[in-house]
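So the protein sequences, as listed, match chains A and B. In our numbering, each residue's number is its place in the first sequence (first place is 1) plus 748. In our numbering, each residue's number is its place in the second sequence (first place is 1) plus 94.
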Amino acid sequence: MTSRIPSIFKTNANKQKKTFISYLVCGDPTENHTLLAMHIMADSGVDIIELGIPFTDPIADGPVIQKSIDRALKNNTSLKDVISVVKKFRQKNKLTAVVLMGYMNPVHKMGIKLFSKSIHDNDIDGVLIVDSPPEESITLNKQLKKYNKSHIYLASPTTTDSRMKGITKMSSGYVYYVTVKGITGSKLTDLNSIKSNVKKIKSFSKNNIPVAVGFGIKDSKSAKQIAKFSDGIIIGSSIVELMYKHSNNKKNMEKHLSNYLSSISKVI
Amino acid sequence: MKSKINLKNYPNKTGHFDEFGGVYVSETLIHPLKELFQAYKKIATSLSFKKILKRELKDYVGRPTPIYYAESVSKFLGNSHIYLKREDLNHTGAHKINNALGQALLAKKMGKTRIIAETGAGQHGVATATACARLDLKCVVYMGEQDIQRQSVNVYRMKLLGAEVKSVNSGTKTLKDALNEALRDWVTNVDDTHYIIGSVAGPHPYPMIVRNFQSIIGDEAKSQFKKDYRCLPDYLVACVGGGSNAIGLFHPFLNENINIVGVEAGGFGINTGKHAAPLTAGSPGILHGNRTYIMEDKNGQIKNTHSISAGLDYPGVGPEHSWLKDTKRVQYTSVTDKEALSAFFTLTEKEGIIPALETAHALAYAFKLAKKLKNKKILINLSGRGDKDIDTISKLKNIKL
């Protein structure tokens, strides 16, 4: 199946709604928690789930996600396990898009061709590899395009105009605009510059690629602010933290996660 | 042995040594890395910069370091001749200052006011803290919690020099995690901060910049050897963790018709899996911004390493070494903790030179080589002095200090 992501953005845009993207680390603390959380996300207004692939050396992540990854690695959650979790998720859910997000080495170890085929075979919609900018991911980009899957790239406050042009060209699905110079879990600053950069990326894109904004969005207030000028918002650390807090009681986790996500979903 | 391509013309424009190296970092760091490359090209290759650095290396660091003929140990071993490039005689006691001072000077010219660094054995941390004290730059050093314990003397030295030492307790609490944390700091404070990577690892242009600052070792050695012995050595031997002292010695000799050997940390033995020898027993993968030989499990997770020496206790290696391995220009091998220790005592007792435990790995292999060969000249990079390892050694020998 081709990626659901382009049509999700289109449908939401027609309804004057912004796309809601949520992140969690697969396998923290168990695969069952992950699967349960993914279904709660889908039921609470999340359109796209970014599912984190655990990696021992997550250089772009802050303490909250680092610790989450450590917990997932205690169960030896591998890239293969992550893919099989999506397979299980798809038995009940065919609508919510799933993006695998992580670092290059586990993908490199599996092999780019086999990885891309597994994305296709398991009805996964897209891929975001944090430490593989366009210049280091030409093969992966070609493979994902072959299967009509979304390859999401990051853009950041340090990205120059000419790079932004290149990034919009190679990206499919959406461009992930990182709001701050920093790691995941950082604080949101300077809304005006975020706004102008989002605008700039959109103006550079020939096929009008959606721009989703992440890093620093924690609550309905910040979600609403960012949603005003972006096509979508991404929340990670806050969700990971909330899930961890209630991980020893699945009923509680379900309730709190659902409430939190719904509070965001209804304001964007 | 002699290669047709000029081995000194790498990395290429994209920062690759054929399929190794590159820029595997998140988008935020791409522009700062390009800026660093531009600044390096413009500033560090200028005559005025070279002149300043040369003077600093001479008057402040004490270069050139001598080549010492280790006659007593040579006789003890047999018929070959052991020569030592005495990087241990540098100010701060190791080769690390060559790069730290070069990069700190560059950072100052770039208008950066804050320096960060990672350190394993503490030698690079001390060298960076020293350069920052000398040049009035703020300095933060990341160091794994485990390394802080086993290299406490160096921690105190860094603090004396005015640096802030930040303990890293994520992951394995060693050098690789210190590097992760330094990268996270850099991405957050990139406007006023320069990151001085201590080895020939990391994303482009670091492997090239560090190599070029360290190449003074090989450049000096080449002309010293020619002058004193009217020839080149038959063998070069250096220890390889990240590989900065090794590449510094090797690089100026790459196009020469001589044997070059890099020695990794074999830990408890390669077959035990408890070692830090990615070139000997690893596979190509992506770690800390570049593609290189790494130690990983079947799922691509980075494996825990073990070495008696904190400075070699790293699951990756500089990408240029990976390339030199695959092109077969350099031979890579390993020696165990035990062999390194034995060489440590041999040099100390026969020559009155206490080597760093890292360096002892190069010595151990070179001593084996010397026993086997007849009438060959073996030049070892004596990359650092062993004062920092006294605690480790005394504990192993049950000696109370």
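Just so it is clear, CB atoms sit at the ideal spot from N, CA and C, and this is done for glycine as well. It should be emphasised that the depicted structure is a prediction, and the values quoted were computed from it without experimental measurement.
Exercise for review: Would you decide whether LYS999/A is buried or exposed? Buried here means 16 or more other CB atoms lie within 10 Å of its CB.
Suggested key: The residue you call residue 999/A lines up with position 251 of the first sequence. It counts as exposed.
Check your understanding: Residues bridged to ILE981/A by DSSP?
Key -> Position 233 of the first sequence, counting from 1, holds the residue named residue 981/A. DSSP lists PHE768/A, VAL961/A as partners of ILE981/A.
Review point. Which value, in whole angstroms, describes the spacing of the CA atoms of LYS267/B and ASN955/A?
Key: Position 173 of the second sequence, counting from 1, holds the residue named residue 267/B. Position 207 of the first sequence, counting from 1, holds the residue named residue 955/A. Answer to the nearest angstrom: the Cα atoms are 46 Å apart.
Review point. For the region 926 to 950 of chain A, which residues have a CB atom closer than 9 Å to at least one CB atom of chain B, in sequence order?
Key: VAL926, VAL928, LYS929, GLY930, ILE931, SER934
Review point. In terms of residue numbering, what span does the alpha helix (DSSP H) encompassing LYS950/A cover?
Key: Translated into positions along the first sequence, residue 950/A becomes position 202. Its alpha helix (DSSP H) spans residues 939 to 952.
Exercise for review: Run through the region 326 to 391 of chain B for me and flag every whole alpha helix (DSSP H) of 4 or more residues, listed as ranges in chain order.
Suggested key: 338 to 344, 372 to 375
Exercise for review: List the residues of chain A that HIS298/B touches, going by C-beta distances under 8 Å, in chain order.
Suggested key: Here residue 298/B is taken as the residue at index 204 of the second sequence, counted from 1. Near HIS298/B there are no residues of chain A at all, since even the closest Cβ is about 10 Å away, more than 8 Å.
Exercise for review: Identify whether GLU798/A lies in helix, strand or coil by the three-state DSSP scheme.
Suggested key: Taking the first residue of the first sequence as 1, we reach residue 798/A at position 50. GLU798/A: strand per DSSP, three-state reduction.
Practice item. Compare the Cα-Cα distances from PRO854/A to each of LYS466/B, ASN475/B, VAL411/B, GLY379/B and report the closest residue. Key: Numbered from 1 along the first sequence, position 106 holds the residue referred to as residue 854/A. Checking every option, the nearest Cα to that of PRO854/A belongs to GLY379/B.
Practice item. Using alpha carbons as the reference points, say which of VAL833/A, VAL878/A, ILE957/A lies closest to SER866/A. Key: For the purposes of this step, residue 866/A is identified with residue 118 of the first sequence, where counting begins at 1. Here the closest residue by C-alpha is VAL833/A.
Exercise for review: To the nearest angstrom, report how far apart THR224/B and GLU150/B are at their CA atoms.
Suggested key: As a first step, residue 224/B is located in the second sequence; it is residue number 130 there, counting from the start. As a first step, residue 150/B is located in the second sequence; it is residue number 56 there, counting from the start. Computed Cα separation, rounded: 13 Å.
Check your understanding: Going by the CB atoms, is the gap between LEU457/B and ALA437/B shorter than 7 Å?
Key -> Indexing the second sequence from 1 puts residue 437/B at position 343. Indexing the second sequence from 1 puts residue 457/B at position 363. Yes, the pair counts as a contact, with Cβ atoms nearer than the cut-off.
Practice item. Mind reading off the beta-carbon distance from GLU239/B to GLY292/B? Whole number of angstroms is fine, and I expect it under 8 Å. Key: Indexing the second sequence from 1 puts residue 239/B at position 145. Indexing the second sequence from 1 puts residue 292/B at position 198. With a Cβ gap of about 18 Å, GLU239/B and GLY292/B do not count as contacting.
Point to revise | Cβ neighbour criterion (16 or more within 10 Å) applied to GLU258/B | key: As a working note, residue 258/B is residue 164 in the second sequence. Burial call: exposed.
Exercise for review: Please go through the same chain and pick out, in chain order, the residues whose beta-carbon is closer than 6 Å to the beta-carbon of HIS868/A, but skip the five residues on each side of it.
Suggested key: Locating residue 868/A in the first sequence gives position 120, where the first residue counts as 1. Only TYR895 meet the Cβ criterion.
**Study point:** Contact list for HIS125/B against chain A, beta-carbon separation under 9 Å
**Key:** Residue mapping note: residue 125/B aligns to position 31 of the second sequence, counting from 1. Under the 9 Å cutoff, chain A gives SER904, THR906, THR907, THR908, ARG911.
**Study point:** Continuous alpha helix (DSSP H) assignments of at least 4 residues falling wholly in the region 197 to 281 of chain B
**Key:** 217 to 229, 239 to 244, 246 to 254
Review point. Since TYR118/B contacts ASN384/B with CB under 8 Å, what's their CB separation in whole angstroms?
Key: For this step, residue 118/B is matched to residue 24 along the second sequence. For this step, residue 384/B is matched to residue 290 along the second sequence. About 6 Å separates the two Cβ atoms, so the contact holds.
Practice item. Give me whichever residues DSSP pairs with MET849/A in a beta bridge. Key: Your numbering for residue 849/A matches position 101 in the first sequence. MET849/A is bridged to GLY800/A, LEU876/A.
Review point. Can you tell me the Cα-Cα spacing of ALA133/B and GLY109/B, whole angstroms?
Key: Your numbering for residue 133/B matches position 39 in the second sequence. Your numbering for residue 109/B matches position 15 in the second sequence. Going from the Cα of ALA133/B to the Cα of GLY109/B covers about 16 Å.
Practice item. Give, in chain order, every unbroken run of the beta strand (DSSP E) that is at least 3 residues long and sits entirely within the region 802 to 851 of chain A. Key: 845 to 850
**Study point:** chain B contact residues for VAL878/A, given Cβ-Cβ distances below 7 Å
**Key:** By one-based count along the first sequence, residue 878/A stands at place 130. Per Cβ cutoff of 7 Å: SER120.
**Study point:** Span of the alpha helix (DSSP H), counted from its first residue to its last, around VAL167/B
**Key:** In the second sequence, counting from the first residue as 1, residue 167/B sits at position 73. Residues 165 to 171.
**Study point:** Residues near ILE503/B in its chain [Cβ-Cβ closer than 8 Å; skip 5 each side]
**Key:** Given a span of 95 to 495 for chain B in the structure shown, any question on residue 503/B remains unanswerable.
Practice item. Could you work out which residues of chain B lie near HIS856/A, taking near to mean beta carbons separated by less than 7 Å? Key: In the first sequence, residue 856/A corresponds to position 108, counting from 1. Residues of chain B passing the Cβ test: GLY379, ILE380, GLY394.
Check your understanding: Taking the runs of the alpha helix (DSSP H) that are 4 residues or longer, which of them lie wholly in the region 885 to 917 of chain A?
Key -> 886 to 894
Check your understanding: Is DSSP giving ALA295/B helix, strand or coil here?
Key -> Taking the first residue of the second sequence as 1, we reach residue 295/B at position 201. Three-state DSSP puts ALA295/B in coil, outside helix and strand.
Point to revise | Inter-residue spacing [alpha-carbon to alpha-carbon] between VAL496/B and ASN475/B | key: Residue 496/B lies beyond the residue range present for chain B, which begins at 95 and ends at 495; the question has no answer from this structure.
Review point. Hey, does SER317/B have any beta-carbon neighbour from chain A nearer than 7 Å?
Key: For this step, residue 317/B is matched to residue 223 along the second sequence. Cβ-Cβ to chain A under 7 Å: no for SER317/B.
Exercise for review: Flag PRO777/A as yes if its beta-carbon sits less than 7 Å from any beta-carbon of chain B, otherwise no.
Suggested key: Residue mapping note: residue 777/A aligns to position 29 of the first sequence, counting from 1. Answer no: the Cβ-Cβ gap between PRO777/A and chain B never drops below 7 Å.
**Study point:** Test: VAL235/B CB closer than 7 Å to a CB of chain A
**Key:** The count along the second sequence starts at 1 and reaches residue 235/B at position 141. Not an interface residue.
Point to revise | DSSP-derived helix/strand/coil call for THR486/B | key: The residue labelled residue 486/B in the question sits at position 392 within the second sequence. Helix.
**Study point:** Where PHE439/B falls, given that 16 or more other Cβ within 10 Å makes a residue buried
**Key:** Within the second sequence, residue 439/B is the residue found at index 345, counting from 1. Exposed, since its Cβ has fewer than 16 Cβ neighbours within 10 Å.
Check your understanding: Does GLY446/B get closer than 7 Å to chain A when you measure Cβ to Cβ?
Key -> Residue numbering aside, residue 446/B sits at position 352 when the second sequence is read from its first letter. GLY446/B does not count as touching chain A.
Review point. Just by C-beta distance, which residues in the region 275 to 289 of chain B are closer than 7 Å to chain A?
Key: LEU277, ARG278, VAL281, THR282, VAL284
**Study point:** Spatial neighbours of ALA272/B in its chain, beta-carbon cut-off 8 Å, leaving aside the 5 residues before and after
**Key:** Against the second sequence, residue 272/B aligns to sequence position 178. So the qualifying residues of the chain are GLU212, THR213, GLY214, TYR236, MET237, GLY238, ASP241, VAL262.
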